[in-house]
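Using the UniProt record's numbering, you'd call the opening residue of the sequence shown number 1 and step up by one each time.
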Amino acid sequence: MDSQAFNLNIFSHKDSLYAFAFSFTRDSEDANDLFQDTMLKAINYSSQFKEGTNLKAWLYTIMRNTFINSYRKSAKTTAIMTVTDDLTSDKLFLSATLNNSEGKFVMDDIYKALEKLQPEYYTPFIKYFEGFKYHEIADELQIPIGTVKTRIHVARQLLKKQLRVYSKFVDSQERVA
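Rendered as structure tokens:
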């Protein structure tokens, strides 16, 4: 089957595919996105379709897998964002806003805690804190991404332990805000 005939054939299933997408997403815009992703994948992988098999079932399988992969990706992203206990600049800002002298002491303590970190923990942590992604840090330091994640986690734990005295202050500031 040539590509034009294949495209016409898959578009003949557009109504049922859109309905199937809507049954997954329960939102018309998300269903439209899922439908378009499915069609794009079907066209890109048309060479993998075996003529004489059920085209509609093949398209449904692509759609289902696309939805599942998208769901897993968004669930993982959400879990990472809500579960991690980051030592972020906004929390550091809260701890340094009472007045200039107290803020200076806090920042001095943070810098001292950072200086105590071993270089293998300090470098990935600082890069992550500056906004670099895990894979970018791994590439730059030429270490596996899992090692980067572990070192950042360990650095975070060490810093939290050394700066524990400020955790009560940050918690009380968050309740006020």
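Glycine residues also receive a C-beta, built at the ideal position from the N, C-alpha and C atoms.
Please read all numbers here as calculations on a predicted model, not as lab measurements.
Hey, how far is the Cα of A113 from the Cα of H135?
26 Å
Comparing C-alpha positions only, which one of F20, N54, E29 sits nearest to N9?
N54
Rounded straight-line distance, which links the Cα of K41 to that of A19:
18 Å
Is the stretch 46–53 touching the stretch 15–35, taking contact as three or more C-beta pairs under 8 Å?
no
Cα-Cα separation between W58 and E140, rounded to whole angstroms
41 Å
Nearest neighbour of Q162, chosen from K116, Q4, V148 [CA to CA]:
K116
Locate the alpha helix (DSSP H) running through K50, then write down its first and last residues.
Unbroken run through K50: none, as it is neither H nor E.
Local conformation of T45 per DSSP, three classes
Here residue 45 turns out to be Tyr, not Thr, going by the sequence shown. In this structure, Y45 counts as coil in the three-state DSSP scheme.
Do T61 and Y37 come within 7 Å of each other at the CB atom, strictly closer than that value?
For the record, residue 37 in the displayed sequence is Asp; it is not Tyr. Cβ atoms of D37 and T61: not closer than 7 Å.
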